[in-house]
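Data first, discussion second: the structure below is written as structure tokens.
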Amino acid sequence: MRNLIEDARPPLAEAMSKMGVDESVWTPLLGRSTVEDHGDAALPCHALSKTLRRSPSEIADEVVSLIGGALDGIADASSVSGFVNLRAQPSWLSRRIEAMMPDPRLGIGLEECRTYAVDYSAPNVAKEMHVGHLRSTVIGDAIVRMLEFRGHLVHRENHVGDWGTPFGMLIEHLLDLGEAEAANELGVGDLDSFYKQARAKFVTEEEFAERSRQRVVLLQGGDEETLRLWRVLVDESMRYFNEVYSMLGVLLTDDDIMGESRYQDLLPVVVDRLGDAGILEHSEGADVAYPGGWVNREGEPLPMIIRKADGGYNYSTSDLACIIDRVERLKCDSFLYVVGTPQKQHFEMVFQVARQAGFMDDGHNAVHVNFGSVMDADGKVLKSREGDVIKLFDLLAEAVTRARAAIEEKNPDLQGEQRERVARIVGIGAVKYADLSTERTKDYVFDWERMLSFDGDTAPYLQYAHARICSIFRKWGGDRGSLSESEISCSLPEECLLARRLTDFPAVVDESTHAYIPHRLCAHLHSIASAFASFYEACPVLSAEEEGTVHSRLALCDLTARELELGLGLLGIEVPQRM
RNA sequence: GGGCGUGUAGCAUAGCCUGGAUAAUGCACCGGCCUCCUAAGCCGGGGACCGCGGGUUCGAAUCCUGCCGCGCCCGCCA
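Read left to right, the first sequence gives residues 694 to 1272 (the working numbering).
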């Protein structure tokens, strides 16, 4: 109701000025109503009581009477227990809807273009993508889509874990298995057992461990044959990751891969620059920086290790290299890291050092878009290293299977290729929505039934609303585009409620985008679908008595469908025409 | 030990930033609704000392503070 408040402000200002209340006093009080039954916006007058020396309800009464008819065509004002309540009038709602109808962007404007790097997904080569990886991938993808829609230039950065000491043992294991066999195992997505076998040998066989360590040296030394073997591991893993990405329907492609290996040349540069900036210190043979403000278990200042005593680099170094690359090569001014909350402190330290060293300045905005962990039933964080984790691939496959079964049961007319397509859209949509619709910083316990539910506040519920609207339009047979000039009339309460929700859409997209909180958009889309479901029951569209009503309701249907499609699209969720 | 986060009906969550009225939503539960645009739906109902105690305020789920429970971080791993 952002627009309602804007429109109601001038008449309200006049009344308040007559009351002798300064704008700076009452403006912060004016806001959307917390109890919808009372209205859409409200001005609580309790805080004015002391200075005006009157009771809140007397003040509210007088404000309402001073407003008089000045809000005609905008809102009805009423006084209830010290609140001035404003309820949008149906005619105001109608005008808002009419204004949105012809706009392909549905009232969501373009912003001044910034250049973003969004770091997300980041699976590890030769390691399974499990349900925990869903969050970064899905949340990051939604944020990318929202930013791009607002007109920003977005670099997707898939910071794949493709470098480091584990690759010694992985390459040796590859050789032990034989390249062909190993490639096969990795290609079918059995990354988990590959990694575990290698690790098991590493800890139990000294000879293997020694070979692995030597292999790391060869890898870092740029040995050609070793690099070729490393490339096999990376390629096979990426082939598998791409399969998951494609199933999931995310934007990531091979062009977005910027694995750790790509920053190796920059690592010595990081050391040099930190040295030049005078913030590098030597400690026990290592090069470290002290961001300040943190202490370790012993109460000593917490160092950020830049170069280890053995000459190797740490992941902080790699993240600093990323910042240099993104600032200087990609010319980014905004950096989003869609990475789990456990790394919060790490990123705070990295950003701090990057600023101290001048890699970033005040014009650069770096945000750790953190998210909570996925826990198992015992409340433990799901970790790929131990235990049997649920493969992301299996979760997605199960979602599609269940969606297919639901379609067979509820809409047997859908057959063949079309059914497969819808099953994919519905199943994958359910999984994505389940993750996107909760506040991202909270941990959650993984639950098959929750992830795969198709009832209630789920993607299929929103998709269903969309499919029903498409069904109405199929039956109608007219040209949807012609509805953009329709006159809207909101007479029944269900029409008004739907119009309210539709009107709020742009403001919610705004908030969701700027705070990087997809769940806010999810909640609003659900409220739209819910309002539509009530409208659908109470307001016959095609069989309405008057032609004007038919067109008005068709237009509401059209806008509802477009908001659902756009909103879900921004979340990376498709909408079917029928389901 | 230091730090970060979290606690809301049986379950799962939103609301907390920016204080406001009867704490919202879904699942589950109870009762209704398909000769009518898709019942993956709609309508109605029961169910909450918002972890506990102080404080600030006209007003606290929301802000401050102290406890308690849970999770995480504080690796020359990434």
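Even for Gly, the Cβ is constructed at its ideal location relative to N, Cα and C.
Under the Cβ criterion (8 Å, minimum of three pairs), the segment 1156-1163 does not count as touching the segment 852-864.
Here Arg1271 has Ala1160 as same chain residues with Cβ atoms under 6 Å from its own Cβ, once five neighbours each way along the sequence are excluded. When beta bridges are read from the DSSP output, His975 appears opposite Asp980.
Rounded to the nearest whole angstrom, the C-alpha separation of Pro859 and Met997 is 22 Å. Contact check between the segment 802-810 and the segment 1237-1250: fewer than three CB pairs, one atom from each, fall below 8 Å, which does not count as touching. The residue among Ser886, Pro721, Gln1036 and Val1046 with its C-alpha nearest the C-alpha of Val1062 is Gln1036.
Shortest Cα-Cα distance from Leu1249 to any of Glu1187, Gly762, Ala1200 and Lys894 involves Glu1187. Cβ-Cβ distances below 6 Å link Tyr933 to Gly882 in the same chain, with the five nearest sequence neighbours on each side left out; the list follows chain order. The Cβ neighbour count for Ser1184, taken over all protein chains shown within 10 Å, is under 16; the residue is labelled exposed. Scanning the segment 772-835 from its first residue to its last, the whole beta strand (DSSP E) runs of 3-plus residues come out as 776-781 and 808-812. Here Ala815 is actually not in contact with Leu764; their C-beta atoms are around 53 Å apart, not less than 8 Å.
According to the DSSP assignment, Arg1000 belongs to no alpha helix (DSSP H) but to the beta strand (DSSP E) extending over Met997 to Arg1000. For Val1074, the pairing in a beta bridge is given by DSSP as Met1068. Burial state of Gly833 is buried, judged by a 10 Å Cβ sphere holding 16 or more other Cβ atoms. In the three-state scheme derived from DSSP, where H, G and I count as helix and E and B as strand, Glu991 is classed as coil. DSSP lists Arg780 as the beta-bridge partner residues of Asp769.
Inter-segment contact for the segment 765-781 and the segment 996-1013 is absent: fewer than three beta-carbon pairs are separated by less than 8 Å. Rounded to whole angstroms, the gap between the alpha carbons of Phe1228 and Ala1192 is 10 Å. With at least 16 other beta carbons inside 10 angstroms of its own, Ser1182 counts as buried. Excluding its 5 nearest sequence neighbours in each direction, Phe895 has C-beta neighbours in its own chain below 7 Å: Met862, Phe901, Ala902 and Ser905, listed in chain order.
Scanning its chain for C-beta atoms nearer than 8 Å, with the 5 sequence neighbours on each side dropped, one finds around Asp754 the residues Ser772, in chain order. Per DSSP, His848 lies in no alpha helix (DSSP H) segment; the continuous beta strand (DSSP E) that holds it begins and ends at Leu846 to Glu850. Taking Leu786 as the centre and dropping the five residues before and after it, the same chain places the C-beta of Cys1183, Cys1189, Ala1192, Arg1193 and Thr1196 closer than 7 Å to its C-beta, in chain order. Residue environment for Gly1260: buried (at least 16 other C-beta atoms within 10 angstroms of its C-beta). Closest by C-alpha distance to Pro737, out of Ser748, Val964 and Leu723, is Leu723. Proximity to Asp1071 across Phe1139, Gly825 and Thr1151 peaks at Phe1139, based on C-alpha coordinates. Residue state for Tyr1006 is assigned as strand, using DSSP reduced to three classes. The beta carbons of Leu1155 and Ala1222 sit about 5 Å from each other, so the pair counts as a contact at 8 Å.
Per the coordinates, the alpha-carbon of Ile1083 lies some 46 Å from the alpha-carbon of Gly1170. In the three-state scheme derived from DSSP, where H, G and I count as helix and E and B as strand, Val1138 is classed as strand.
In this structure, the CA atom of Arg1167 is about 16 Å from the CA atom of Val1268. Look at Arg725 here: in three-state DSSP terms it is strand. Rounded to the nearest angstrom, the gap between the Cα atoms of Phe1225 and Ile1210 is 24 Å. Beta-bridge partners of Ile950 (DSSP): Asn851.
Annotation for Glu1256: Leu799, Leu1195, Phe1198, Leu1218 and Ile1221 place their beta carbon closer than 8 Å to its own, counting only its chain and skipping 5 residues before and after. For the options Arg789, Leu745, His1057 and Val756, the alpha carbon positioned closest to that of Gly766 is the one of Arg789.
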